[in-house]
Each structure stands twice: as C-alpha cells, then as structure tokens.
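Residue numbering for the sequence shown follows the working numbering, beginning at 798 and increasing consecutively. Yeah, the Cβ is synthetic: ideal placement off N, Cα and C, and Gly gets one too. Bear in mind the structure is a predicted one, so any value in this text is a computation, not a measurement. First comes the structure, then the notes that go with it.
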Amino acid sequence: MENLFCYIWPGKGNNSNSYLFAHVLRGDRPHVLIDPGHEVNELNERCLDHLLNAMERDGLKPEDIGLIINTHSHPDHCEANQAVVERSRDKAGTSKVQQALIAIHEDEDEYRRVMGPIMARMLGREVEFEPNFFLREGELNLGKENKIKLNIIHTPGHSPGSISIYWPDGRSLITGDAVFHGAVGRTDLPGGAGGLLRQSIERLSKLDIEYLLPGHNTEFGNIIKGRDNVTQNFAFIRLNYFPILTP
Ligand SMILES: [Zn+2]
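What follows is the structure in structure tokens.
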C-alpha cells in the first residue's frame, strides 16, 4: 500500500513479520522499519537475509533505514536491530544522524534490561541493542509535512511496554504480539499479564481497521483484510480467549 510494505515471514521456524514505511523521513535515511525480527532463528533460517532480499526486490535498501521501532523487546522482534543499524552505517550521507535510530516504548526499557538476559537464556538467543529514544502513547508524525501520521497505542499484556501502531489514513493496525489472526499473544512469559492483554485488545477493537497486520502468522493466516473480517476476528477472540463470565 502506498508507503507501507509488509514482509510476512514465510519460513518454518519462529520469526516476526516486519513492516516498513518507505520514503517518509527527511534526510538520507527515509525508511522506518517496524520489528526487524530474528537474524537467525532456532531452525537456523537466515531471517534477516530473507527480509533484506525481499526489501531489495522492492527497491528498498537497508542503508536507507533511518528508524527502527520495536513493538516490544522479545528476541524474535528485535534480534536483528543491531545488524540493521550496522548496515545503515554503510551509507556516507550528509545528515547529522549517522545511523538508524532505535525506539521502543518507555515501559519496555526496564523490562528489557532486567528480563532481556533471562529471556535470551530461555530462548537461547543474545539480543544486544540500546534504544536511542522512547515512545509514549500518542501521535508520532513522520516526515515532511507530517507525511505519515501514526498513533502509538500502549497495549501491555504480552509484555509491559508492548505497543500497537495505528496508521489512521491507511486504516492499518500493526499489532505486534497483542492480537493475531484467530489468536492472541502469549501471557505466560515473564512480564505477561492476561487481564492487561484483554484490556489492550478491547481498545484495539474500537479502531477503524481495514488491514490488521499481526506480528506473527497463525494456522488461520496472517494479514486480515477488510473491516468485516477484522471485526469477526475480534469477536472470535473475545469468545475464545476472553469469554464474558456470567454469574
Ligand atoms: Zn513477543
């Protein structure tokens, strides 16, 4: 769609989907990448190479990425952060910022620092990056004349600082690991909270969404297209994961 490219992970092992807003930032590095994903996953699939090759086919270069936003700090969403930052350094540009910047929600940072090493041991992956700035709930306007206006929505539950990214003009919602096609994010990992996830998903269900862009694929599918299908998905999730308890 226009400026938004969706990179749905096609492999067998675990990896997040990636999304890219192209040609939106001022300066030499105009692309914004949401969730670079794994560099290499548990099945030794070369996830980052796959993403960069797919971007290349769309005419998008990794060295032109100026901002990385992570929906949350789990390794399958941000392991490749640092590698993408390194690639962005390859470019001899004129702008003051010499590499891609990394942003996460402010509530995710302490969790990332405390739980990061523990999660890494649990999942057998090392994740090392330092965010350059923090996001809060609210508008995030990108580019010249605010070319792309995003709403950052704090959607805790899967992790304390999980965010969803809503693009009202494109009626698109990037959900991270809050809600998927026919499923929700797990809450059994450290920092997970079922009650919070339920509230977060209820908030998301109120938005006008034509494209629901999840962080992972499920047995049901990946992207959900069409407002009616999105509404049905929220209804399915309410029924199957958060049934209303009647006395
Ligand atoms: Zn996660």
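Restricting to Cα atoms, I'd like to know which of the options is closest to residue i.
{"i": "Glu883", "options": "Arg823, Glu925 and Pro957", "result": "Glu925"}
{"i": "Arg1035", "options": "Leu986, Ile1021, Gly1012 and Val981", "result": "Val981"}
{"i": "Glu842", "options": "Ser885, Pro957, Tyr816 and Asp873", "result": "Asp873"}
{"i": "Glu999", "options": "Arg823, Glu934 and Ala975", "result": "Ala975"}
{"i": "Thr952", "options": "Glu799, Ile971 and Trp964", "result": "Ile971"}
{"i": "Lys1047", "options": "Gly810, Trp964 and Ile1006", "result": "The structure shown does not extend to residue 1047, since the chain is modelled only from 798 through 1044, so no value can be given for it."}
{"i": "Leu830", "options": "Glu853, Arg854, Asn878 and Glu839", "result": "Asn878"}
{"i": "Lys896", "options": "Glu923, Asn811 and His828", "result": "Before going further, note that residue 896 is Gln rather than Lys in the sequence given. That would be His828, whose Cα lies nearest to the Cα of Gln896."}
{"i": "Pro965", "options": "Gly973, Phe1033, Val1027 and Tyr1008", "result": "Tyr1008"}
{"i": "Trp806", "options": "Phe1033, Met916 and Thr1015", "result": "Thr1015"}
{"i": "Phe917", "options": "Lys858, Leu986, Lys941 and Lys888", "result": "It should be noted that the sequence gives Ala, not Phe, for residue 917. Checked all of Lys858, Leu986, Lys941 and Lys888; the closest Cα to Ala917 is Leu986."}
{"i": "Glu923", "options": "Asn838, Gly991 and Gly1012", "result": "Asn838"}
{"i": "Glu942", "options": "Gly810, Gly973 and His820", "result": "His820"}
{"i": "Val1027", "options": "His1013, Leu1004 and Gly1012", "result": "Leu1004"}
{"i": "Gly973", "options": "Gly1012, Ala900 and Ala990", "result": "Gly1012"}
Taking the straight line between their C-alpha atoms, what separation do you get for residue i and residue j?
{"i": "Asp1025", "j": "Gly834", "result": "29 Å"}
{"i": "Arg910", "j": "Glu927", "result": "10 Å"}
{"i": "Asp904", "j": "Asp825", "result": "30 Å"}
{"i": "Glu814", "j": "Asn1030", "result": "Sequence check: residue 814 is Asn here, not Glu. Between Asn814 and Asn1030, the C-alpha separation is close to 19 Å."}
{"i": "Cys875", "j": "Pro1040", "result": "32 Å"}
{"i": "Ile862", "j": "Ile960", "result": "20 Å"}
{"i": "Arg983", "j": "Tyr1038", "result": "11 Å"}
{"i": "Ser885", "j": "Ile1020", "result": "28 Å"}
{"i": "Lys893", "j": "Ser997", "result": "37 Å"}
{"i": "Asp906", "j": "Ile915", "result": "14 Å"}
{"i": "Asp855", "j": "Phe818", "result": "12 Å"}
{"i": "Ser969", "j": "Leu937", "result": "15 Å"}
{"i": "Glu860", "j": "Lys888", "result": "6 Å"}
{"i": "Gly992", "j": "Glu836", "result": "32 Å"}
{"i": "Ala990", "j": "Asn812", "result": "22 Å"}
Hey, residue i and residue j: beta-carbon distance below 8 Å or not?
{"i": "Cys803", "j": "Leu947", "result": "no"}
{"i": "His978", "j": "Gly913", "result": "no"}
{"i": "Leu848", "j": "Ala880", "result": "no"}
{"i": "Leu932", "j": "His902", "result": "yes"}
{"i": "Leu920", "j": "Leu822", "result": "no"}
{"i": "Ser870", "j": "Tyr816", "result": "no"}
{"i": "Asn800", "j": "Asp832", "result": "no"}
{"i": "Ile962", "j": "Ile949", "result": "yes"}
{"i": "His955", "j": "Leu1001", "result": "no"}
{"i": "Gly988", "j": "Pro957", "result": "yes"}
{"i": "Met852", "j": "Gly967", "result": "no"}
{"i": "Leu898", "j": "Asn929", "result": "yes"}
{"i": "Leu840", "j": "Lys809", "result": "yes"}
From the beta carbon of residue i, is the nearest beta carbon of chain D less than 8 Å away?
{"i": "Arg886", "result": "Of the protein chains in the structure, only one exists, and it is not chain D."}
Report task. Mind listing which residues have their beta carbon within less than 5 Å of any non-hydrogen atom of ligand 1? Chain order is fine. Result -> His871 and Asp974
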